[in-house]
């Protein structure tokens, strides 16, 4: 038996952004970039590990909105166009840098990467990333879990219980439909837990969730093993607490790995660095400079004089960091052995998009780590929460504390001066949806379509991403617009259904635009 | 926002942006100098904002960085009009952390008219009840305090002195010394924000395992004022 367990959880999520009304839409780049920089490189890692017969076991949560986008034909088509544009840019870069061998080598690296993405996405995966994830699950390498339907921060919906219920039910149904298995666990968006949410999870067969460390530590009974073992909520749904040490090592740009000087600098992109007349064909319409993903510099240090990125050096560092991570866990196991009568579990959840997109070397770090862990099977074993519960079905019972992994550990990120105005509308629309369900319990035809669309619009306005962006200030006007759009659409359906005057053309338009959860049944709000 | 993009907008628009960012504009300022000072302010705001964020939030934020231009999406079309309020008498209470909660409310127009006609009307209030038992009734409300509010107020952040405690809120008004309740909120419970007491002295030896909880003391915001207390009447 191993002396310790490592549970790596990659939480993959992006909000539903799909704009068929525009030929190219800026915020769709969130997805397109993540496919090239994170999802495909991670699949590459899994492919190599499988080919080399290296055992591994990871948990990957795929939010229902991300799943819907990865399966969407229009967005798949747009990804191919996006990639073609990047290949063209990389080829232009190869020409532009021909007299500078070091830069030229890097341009060549990007060209190969993009071409590899193209080949894998089109030929190997036939545009279907979800199906490849399913394959790795079927082989026992991955455990795929869900998140709430539109990644809603559930503690701030708790005063409308049916809104929470619908977020969970639609998520589980969507997961089951796309992955053809019921999810065993759920990633509570932003680790947002409130006492009682476990009842909704249990009702849909979910057996566990993850939470921030203090959610476990501040539970109503002191946890005997700290965060190194799960707690059962009183209804026997298990809560696994994040290990603060291993989280810090990976997240922190100051004291953690991603900030190392030899790693690639995220903020120096040719989309911003090169003259407009050259870069214009490759950036956004109207000369709006965007990240292209071609970045030539290393972090270097606190200076604007960045040195060129050296891939070999960066890979060597990633391997060192994987070794460091493993050693730190092994030391911790020894310390914990004195006070535990079972192997500790290190729960290490990260946003998947951190790896590759922001921390360019992240996927390589994961690969090195997995290969190293595979060499010490008697000391550390990679497992999932389900594996752990199968092996250790007896756990302490205690109600965890309301918590999140956001600033100061509670709801402050999603409830503050910039975003608190949304809740009046989110709650009101939720109540109105429940009312619609009561008044129209078994509709057919156009009315049923309208009610189903109302449910979609409601779920979309509840995405935690909009409040998050309003607070963190990246693309605020878009987040505000999206919140208002879905509330407006919902209200319009509500009012017209109540008045018996549906605008069929308009309904058709929003159905084809906001087309996620095609099989939703509005009675999920009953 | 990139410098070249700022340089491409009109002086008038630049001035509007500068004013909206709280910059004072000198008459003799050149376009380039104005752009520099806007960029400097933006950089500072960005830095301050990032400093408030913990690691997961900083990491998550990078998912949404595509360009530097969007913050100035100055188009003011209200493509999707939504109501400011729903004209109902209602108060909702939301727990935010161990010491702060948020309340929003509304009072139906006809109720407002009625209250204004009450000759003894003194003050509109939020009455915060600290509950000991789960079931709230007027007799077991063991303490309460009032927050005076105005008719145009619609939301408020409320400091709650006790952790691990249930609270309920009443939207009410005082008239001739009597309290008239307009609406009562849902009940909330503040998180404990600390380790639970040890119930079995034999469990004392488990404490060393929890030493890491030291690092979570900063999670309790009991002495920290919310970053942006909402201003009255803002909606």
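Residue numbers (my numbering), protein chains in the order written: chain A, 63 to 588; chain B, 113 to 347.
The beta carbon of each residue, even a glycine, is placed where N, CA and C say it ideally should be.
Checklist entry - What are the start and end residues of each continuous alpha helix (DSSP H) run of 4 or more residues lying completely inside the region 350-382 of chain A, in chain order? => result Fully enclosed alpha helix (DSSP H) runs of 4 or longer: not present.
Item to check | N- and C-terminal bounds of the alpha helix (DSSP H) containing residue 172 (chain B) | outcome: Counting along the chain, the alpha helix (DSSP H) containing residue 172 (chain B) begins and ends at 167-173.
Checklist entry - Are the C-beta atoms of residue 476 (chain A) and some chain B residue less than 7 Å apart? => result Interface flag for residue 476 (chain A) against chain B is unset, since no Cβ pair is found closer than 7 Å.
Checklist entry - What did DSSP end up calling residue 502 (chain A) once you bin it into helix, strand or coil? => result Coil, per DSSP.
Next on the checklist: Between the region 524-544 of chain A and the region 473-484 of chain A, can you find at least three pairs of beta-carbon atoms closer than 8 Å?
Outcome noted: With contact defined as three or more Cβ pairs closer than 8 Å, the region 473-484 of chain A and the region 524-544 of chain A are in contact.
Item to check | Any chain A beta carbon closer than 7 Å to residue 179 (chain B) | outcome: True, the Cβ-Cβ gap to chain A drops below 7 Å.
Next on the checklist: Between the alpha carbons of residue 548 (chain A) and residue 576 (chain A), how many angstroms are there, rounded?
Outcome noted: Taking the straight line from one Cα to the other gives about 9 Å.
Checklist entry - Can you list, in chain order, the residues of its chain whose CB lies under 8 Å from that of residue 126 (chain B), leaving out five sequence neighbours each side? => result Closer than 8 Å at the Cβ level, and outside the excluded window around residue 126 (chain B), lie 118, 143, 146, 147 and 150.
Checklist entry - What does residue 164 (chain B) touch in chain A if you count any residue whose Cβ is under 7 Å from its own? => result What residue 164 (chain B) touches in chain A, judged by beta-carbon distance under 7 Å, is 469, going in chain order.
Next on the checklist: Out of A:77, A:397 and A:371, which one is the CA nearest neighbour of residue 175 (chain B)?
Outcome noted: When each option's Cα is compared against that of residue 175 (chain B), the closest is A:77.
Item to check | Interface residues of chain A facing residue 134 (chain B) [CB-CB closer than 9 Å] | outcome: Within chain A, no C-beta atom comes nearer than 9 Å to that of residue 134 (chain B); the closest sits roughly 15 Å away.
Item to check | Residues bridged to residue 242 (chain B) [DSSP beta-bridge criterion] | outcome: Bridge partners of residue 242 (chain B): B:255 and B:279.
Checklist entry - Where do the ends of the beta strand (DSSP E) carrying residue 532 (chain A) lie? => result Unbroken run through residue 532 (chain A) is the alpha helix (DSSP H), 526-534; no beta strand (DSSP E).
Checklist entry - At what residues does the beta strand (DSSP E) containing residue 301 (chain A) begin and finish? => result Where residue 301 (chain A) is concerned, the enclosing beta strand (DSSP E) stretches over 300-303.
Item to check | Length-filtered (4 minimum) alpha helix (DSSP H) runs lying within the region 437-509 of chain A | outcome: Those alpha helix (DSSP H) runs which fall completely within the region 437-509 of chain A and span 4+ residues are 447-453 and 484-501.
Item to check | Where residue 490 (chain A) meets chain B, residues with beta-carbon distance less than 8 Å | outcome: Going along chain B in sequence order, the residues near residue 490 (chain A) (Cβ under 8 Å) are 198.
Next on the checklist: Please report the straight-line C-alpha distance between residue 568 (chain A) and residue 552 (chain A), rounded to a whole angstrom.
Outcome noted: C-alpha separation (whole angstroms): 12 Å.
Item to check | DSSP-derived helix/strand/coil call for residue 292 (chain A) | outcome: Three-state result, residue 292 (chain A): coil.
Checklist entry - Which same chain residues, not among the five before or five after residue 356 (chain A), have their C-beta less than 6 Å away from its C-beta? => result Residues of the same chain with a CB within less than 6 Å of the CB of residue 356 (chain A), apart from the 5 flanking positions on each side, are 172 and 332 in chain order.
Item to check | Interface residues of chain B facing residue 427 (chain A) [CB-CB closer than 9 Å] | outcome: None at all; the shortest Cβ gap to chain B is about 14 Å.
Checklist entry - Since residue 549 (chain A) meets chain B, which of its residues come closer than 8 Å, beta carbon to beta carbon? => result Within chain B, the residues near residue 549 (chain A) are 192 and 194.
Checklist entry - Which of the residues in the region 216-232 of chain A, read from start to end, lie with their CB under 8 Å from any CB of chain B? => result When CB distances to chain B are screened at a threshold of 8 Å, the residues of the region 216-232 of chain A falling below it are 217, 218 and 221, in chain order.
Checklist entry - chain B beta carbons: is any one of them nearer than 7 Å to that of residue 259 (chain A)? => result Not a single CB atom of chain B sits nearer than 7 Å to the CB of residue 259 (chain A).
Checklist entry - So what's residue 114 (chain A) in DSSP terms, helix, strand or just coil? => result Coil at residue 114 (chain A), not helix or strand.
Next on the checklist: Which residue wins for smallest C-alpha separation from residue 310 (chain A), given the options A:319, A:557 and A:537?
Outcome noted: Ranking the options by Cα distance to residue 310 (chain A), first place goes to A:319.
Next on the checklist: According to DSSP, is residue 222 (chain A) part of a helix, a strand, or is it coil?
Outcome noted: Three-state result, residue 222 (chain A): coil.
Checklist entry - Can you find a CB in chain A that lies within less than 7 Å of the CB of residue 161 (chain B)? => result Closer than 7 Å: yes.
Checklist entry - Between which two residues does the alpha helix (DSSP H) carrying residue 66 (chain A) extend? => result Per DSSP, residue 66 (chain A) belongs to no alpha helix (DSSP H); it is in the beta strand (DSSP E), 66-74.
Item to check | Whole-angstrom distance between residue 350 (chain A) and residue 178 (chain B), CA atom to CA atom | outcome: The alpha-carbon atoms of residue 178 (chain B) and residue 350 (chain A) are separated by roughly 10 Å.
Item to check | Rounded distance between the beta-carbons of residue 327 (chain A) and residue 360 (chain A), thought under 8 Å | outcome: About 6 Å; that satisfies the 8 Å criterion.
Next on the checklist: Can you check which of these residues, A:127, A:122 and A:268, is closest to residue 519 (chain A) by C-alpha distance?
Outcome noted: If we check each option's Cα against that of residue 519 (chain A), A:127 comes out closest.
Checklist entry - In angstroms, rounded to a whole number, what distance separates the CA positions of residue 335 (chain A) and residue 358 (chain A)? => result Looking at the two C-alpha atoms, the distance is approximately 10 Å.
Next on the checklist: Is the separation between the beta-carbon of residue 180 (chain A) and that of residue 152 (chain A) shorter than 7 Å?
Outcome noted: By the CB criterion at 7 Å, residue 180 (chain A) and residue 152 (chain A) fall outside the cutoff.
Item to check | For residue 334 (chain A), the first and last residue of its enclosing alpha helix (DSSP H) | outcome: From DSSP, the alpha helix (DSSP H) with residue 334 (chain A) extends over 332-335.
Checklist entry - Name the DSSP bridge partner or partners of residue 247 (chain A)? => result Paired residues: A:270.
Next on the checklist: Taking only three categories from DSSP, how would you classify residue 157 (chain A)?
Outcome noted: In the three-state reduction of the DSSP assignment, residue 157 (chain A) falls in the helix class, which pools H, G and I.
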